[in-house]
Amino acid sequence: MAVSTFNGRNHPRMESVDQFQGVGNDGKDIIIDACKSQGESIVRYFLKRMPPEDEVNIIMLCSRKTLEMDEKNGDDSKGKIHSAVSYLNERIDESPEKGKHKINYQVIKLYKNQLPTEHRLQEADIIDPSIPLVPASREEECYFPDDELGAISTAAEFIRSQKNQEKRSFRLYIDTHGGLRDVVIALGAVISLLSVGEAIRPKMIMGINMASGRIEDQSAAFNIFSFFSGINDFLHFGNADVLSEYFDSKNEFSYLTGADPAVQNTARQITRHMQKISLGAQMSDSKPFLEGLKELGEEFEAGVSEDGNSILKGTSLGIFEQKIKDEYGDLLKDPNILDLIIWCVNRGLIQQALTFIESMLPYYYQDKEILFFDNEELQNFEEDEYSAFNKYLNRFRFINQNQELAFYAYHLIEGIREPDIQWRKLNNHNLRYYYPGNNNQGDRLEIKSKYIH
Numbered sequence: 199m200a201v202s203t204f205n206g207r208n209h210p211r212m213e214s215v216d217q218f219q220g221v222g223n224d225g226k227d228i229i230i231d232a233c234k235s236q237g238e239s240i241v242r243y244f245l246k247r248m249p250p251e252d253e254v255n256i257i258m259l260c261s262r263k264t265l266e267m268d269e270k271n272g273d274d275s276k277g278k279i280h281s282a283v284s285y286l287n288e289r290i291d292e293s294p295e296k297g298k299h300k301i302n303y304q305v306i307k308l309y310k311n312q313l314p315t316e317h318r319l320q321e322a323d324i325i326d327p328s329i330p331l332v333p334a335s336r337e338e339e340c341y342f343p344d345d346e347l348g349a350i351s352t353a354a355e356f357i358r359s360q361k362n363q364e365k366r367s368f369r370l371y372i373d374t375h376g377g378l379r380d381v382v383i384a385l386g387a388v389i390s391l392l393s394v395g396e397a398i399r400p401k402m403i404m405g406i407n408m409a410s411g412r413i414e415d416q417s418a419a420f421n422i423f424s425f426f427s428g429i430n431d432f433l434h435f436g437n438a439d440v441l442s443e444y445f446d447s448k449n450e451f452s453y454l455t456g457a458d459p460a461v462q463n464t465a466r467q468i469t470r471h472m473q474k475i476s477l478g479a480q481m482s483d484s485k486p487f488l489e490g491l492k493e494l495g496e497e498f499e500a501g502v503s504e505d506g507n508s509i510l511k512g513t514s515l516g517i518f519e520q521k522i523k524d525e526y527g528d529l530l531k532d533p534n535i536l537d538l539i540i541w542c543v544n545r546g547l548i549q550q551a552l553t554f555i556e557s558m559l560p561y562y563y564q565d566k567e568i569l570f571f572d573n574e575e576l577q578n579f580e581e582d583e584y585s586a587f588n589k590y591l592n593r594f595r596f597i598n599q600n601q602e603l604a605f606y607a608y609h610l611i612e613g614i615r616e617p618d619i620q621w622r623k624l625n626n627h628n629l630r631y632y633y634p635g636n637n638n639q640g641d642r643l644e645i646k647s648k649y650i651h
């Protein structure tokens with residue numbers, strides 16, 4: 199959680215208290231009553247829903263202002279002056295939800311300490327959250343530059359270490375309500391990376407709807423980073439693994455597409471096609487790759503409303519529909535192996551491109567009749583087109599093997615088959631092409647046609 203400073207609504211002397219409601223483990227509402235610190239409500243809600251004797255580590259992302267004694271807002275009228283953090287610490291420890299929980303507080307500073315060694319404000323590396331720090335003067339604030347990314351990195355390392363220690367019993371809860379917005383957003387991005395790369399997934403992500411006074415699930419909004427990361431992977435690498443994982447959640451799916459069943463159905467179909475494309479890319483298998491691209495293109499064409507606009511317009515997925523079309527281009531309309539190879543090369547997927555060149559390009563030549571076999575002539579040598587074609591490929595893959603070729607292919611000029619080619623069985627191991635009237639001569643076929651290099 200990120201801690202907020204005191205404000206006019208939450209402070210020790212506030213006369214009225216806040217009450218919030220949220221869904222409990224049994225599906226019924228539970229009430230978190232008598233809240234006076236901005237950060238306590240969701241923490242108490244989490245404690246209420248946890249197993250009653252769990253040991254809990256609370257990670258508090260704190261600016262120096264939240265750690266400093268606040269004489270204006272932190273006076274509790276009982277002779278004690280709090281910082282926002284020390285007051286939050288006290289409120290949690292005294293709450294009924296604490297029960298038998300053992301709570302460990304981890305203060306992570308959102309700033310760097312650049313104080314001179316003997317300075318009056320010098321502080322320990324490990325901060326005790328129950329003891330307020332001496333406030334810095336305006337002139338001394340320059341010694342505490344912001345270090346939000348460093349703090350979030352420290353928090354991520356702590357989370358990772360706890361996950362490694364606790365293994366299956368580890369559970370992560372995130373409070374999105376307090377602190378600076380940019381800190382919460384950056385934390386969300388880091389947690390998103392942890393969830394994708396290391397399977398560290400929050401059990402609950404909760405925030406407060408102040409208008410309704412409810413504690414609400416914020417996982418869909420918080421996990422939108424996973425969606426952006428997944429879209430990026432799909433656009434640049436054809437990988438839909440992160441997107442597939444994101445779409446597994448009902449809440450995330452509704453957040454992405456809205457509540458319209460037709461839109462949700464189209465979005466589900468689109469993600470299935472993306473998964474098929476992803477499989478083809480990862481396995482270097484052109485069949486599902488090309489099929490998925492064609493199906494995705496058809497889904498985009500079918501998902502058009504009566505006014506001519508995409509039915510995904512106005513949804514999060516719709517934002518990227520045109521981007522997907524731009525990135526994949528003609529592959530969505532008329533997918534073919536040549537464009538697929540070019541797409542792979544342009545995105546640095548060299549291994550996939552080489553695999554497609556070796557496995558599929560010759561078949562493309564045969565399909566387009568750039569490489570042509572005459573079935574009648576093949577019959578004279580007791581060959582069929584399939585065996586001849588594979589021997590042809592084998593010959594050029596293993597050029598040093600002594601294998602007799604008992605078949606012939608047309609030589610092409612400007613992409614058109616010559617009608618007067620004369621066929622001769624080869625007596626050596628070099629495939630040659632023959633022109634009429636020059637039957638005993640031939641040029642070694644190093645380049646199979648002007649289109650085959």
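Numbers 199 to 651, taken from our numbering, label the letters of the sequence shown in order. All residues carry an ideal CB built from backbone N, CA and C; glycine is no exception. Just so you know, these numbers come straight off a predicted model, no measurement behind them.
Among the options, which has the Cα closest to the Cα of residue i?
i, options, result
"A282", "H209, I324, E346 and R336", "H209"
"P343", "K310, L385, D274 and I306", "K310"
"D458", "S367, D537, L286 and G512", "G512"
"V215", "M199, Q549, N362 and S239", "S239"
"R399", "I357, F432 and G436", "I357"
"I195", "S335, L392, Y303 and L559", "Nothing about residue 195 can be read from this structure; the chain reaches only from 199 to 651."
"D565", "N534, S367 and Q550", "N534"
"L515", "Q462, N437 and Y526", "Q462"
"F244", "A460, N223 and A419", "N223"
"V543", "A418, G436, A465 and N507", "G436"
"I229", "R318, G237 and K246", "K246"
"M179", "Q219, K234 and G225", "With the chain covering only 199 through 651, there is no way to say anything about residue 179."
"T464", "G225, A500 and F487", "A500"
"G237", "G225, A409 and I257", "I257"
"T374", "D415, R466, I522 and I475", "D415"
"D532", "S390, L392 and F487", "F487"
"S390", "L370, S275 and P294", "L370"
"P249", "S557, F368 and I522", "F368"
"S484", "G506, D345 and S557", "S557"
"I290", "S261, P327, E269 and T264", "P327"
"A460", "Q219, S508 and E321", "S508"
Can you grab the Cα-Cα spacing for the pair residue i / residue j, in whole Å?
i, j, result
"L610", "Y561", "Confidence at L610 is low in this model, with a pLDDT of 35, below 50, so the placement of that residue should be treated as unreliable; the coordinate-derived value is given next. Rounded to the nearest angstrom, the two C-alpha atoms are 16 Å apart."
"E574", "I539", "34 Å"
"V382", "F554", "44 Å"
"E316", "E364", "40 Å"
"L547", "S482", "10 Å"
"S273", "H280", "Per the sequence shown, residue 273 should be read as Asp rather than Ser. Going by the C-alpha atoms only, they are around 6 Å apart."
"R207", "S427", "37 Å"
"L559", "Q480", "19 Å"
"V502", "F420", "30 Å"
"R595", "I517", "Note on R595: pLDDT 47, under 50, position unreliable in the model; the coordinate value appears next. Whole-angstrom Cα-Cα distance: 46 Å."
"M199", "V305", "10 Å"
"I329", "R545", "54 Å"
"E493", "R470", "10 Å"
"R366", "I372", "18 Å"
"D323", "T352", "13 Å"
"N205", "K401", "30 Å"
"I422", "G277", "46 Å"
Find out if the Cβ-Cβ distance for the pair residue i, residue j is shorter than 7 Å.
i, j, result
"E519", "L510", "yes"
"V241", "I301", "no"
"G478", "S202", "no"
"A349", "V388", "no"
"L552", "G495", "no"
"I406", "I413", "yes"
"L308", "L385", "no"
"Q217", "D231", "yes"
"D537", "D528", "yes"
"E251", "K298", "yes"
"E266", "L331", "yes"
"Y341", "L313", "yes"
"M472", "A418", "no"
"A334", "L319", "yes"
"E497", "Q467", "yes"
"Y444", "S476", "no"
Could you tell me which residues DSSP pairs with residue i in its beta bridges?
i, result
"A200", "L259"
"F218", "I230"
"G428", "Its beta-bridge partners do not exist; DSSP assigns none."
"Y309", "D344"
"G405", "E414"
"Q304", "I257"
"D273", "I279"
"E266", "L331"
With a threshold of 6 Å (Cβ to nearest heavy atom), would residue i be considered close to the ligand ATP?
i, result
"E292", "With respect to small molecules bound, the structure shown includes none, and the ligand ATP cannot be examined in it."
Beta-carbon of residue i versus every beta-carbon of chain C: anything under 7 Å?
i, result
"I429", "Checking the listed chains, one finds no chain C in this structure; it contains a single protein chain."
Segments of 3+ residues assigned as beta strand (DSSP E) that fall wholly inside the segment 325-396:
371-373
Which full runs of the alpha helix (DSSP H) of 4+ residues lie inside the segment 435-512, going along the chain?
439-445, 448-455, 459-481 and 484-500
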